[in-house]
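Chemist:
Numbering (our numbering), first residue to last: 49 to 138.
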C-alpha cells in the first residue's frame, strides 16, 4: 500500500470525526455518503474506507461524550470498552 493510500484513509477518518463533531455542535445530520476527496478512484476508495471505518465509540470519544480515566486499571478499561462497543451494536 502506498503512502498516498494511507494518507487518504487517515484523512477519511479525520474528516468523518470532524464532520461528526460539527454535526453534534450544530445539531445537524452527517452525510451518509462520504464526501468527494479525489479524482483518483483508488484514493477515493481508500478515503471511503477510512470514512466508514469510524466506530460509534470513537465518535463518542472524539466528541467528548465518553471519557476514559487514565487512572483505572487495565481490566476496568477493557470492561468499559466492551460496554461502549455493545452500546454501538444496538
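For every residue, glycine included, the Cβ atom is placed at its ideal position computed from N, Cα and C.
Within the continuous alpha helix (DSSP H) that includes residue 66, where are the two ends?
Modeler: To locate residue 66, count along the chain shown from 1; it is residue 18. Unbroken alpha helix (DSSP H) run through residue 66: 51-74.
Chemist: Compare the beta carbon distance of residue 98 and residue 73 with 9 Å and say whether it is the shorter of the two.
Modeler: Residue mapping note: residue 98 aligns to position 50 of the chain shown, counting from 1. Residue mapping note: residue 73 aligns to position 25 of the chain shown, counting from 1. Going by C-beta atoms, residue 98 is not nearer than 9 Å to residue 73.
Chemist: Does the pairing of the stretch 52-68 with the stretch 106-116 give three or more beta-carbon distances under 8 Å?
Modeler: Contact holds: three or more Cβ-Cβ distances are below 8 Å.
Chemist: Could you tell me the alpha carbon to alpha carbon distance between residue 123 and residue 104, rounded to whole angstroms?
Modeler: If you number the chain shown from 1, residue 123 lands on position 75. If you number the chain shown from 1, residue 104 lands on position 56. Their Cα atoms are separated by approximately 21 Å.
Chemist: If you check the beta carbons only, do residue 64 and residue 82 fall under 9 Å apart?
Modeler: Sequence index remark: in the chain shown, residue 64 carries index 16 (1-based). Sequence index remark: in the chain shown, residue 82 carries index 34 (1-based). In this structure, residue 82 lies closer than 9 Å to residue 64 by Cβ.
Chemist: Look at the Cβ atom of residue 84, then the Cβ atom of residue 57, and state whether they are nearer than 9 Å.
Modeler: Translated into the one-based positions of the chain shown, residue 84 becomes position 36. Translated into the one-based positions of the chain shown, residue 57 becomes position 9. Result no, Cβ atoms of residue 84 and residue 57 do not sit closer than 9 Å.
Chemist: Identify whether residue 87 lies in helix, strand or coil by the three-state DSSP scheme.
Modeler: Residue 87 sits at position 39 when you count from the first residue of the chain shown. Of the three classes helix, strand and coil, the one that applies to residue 87 here is coil, per DSSP.
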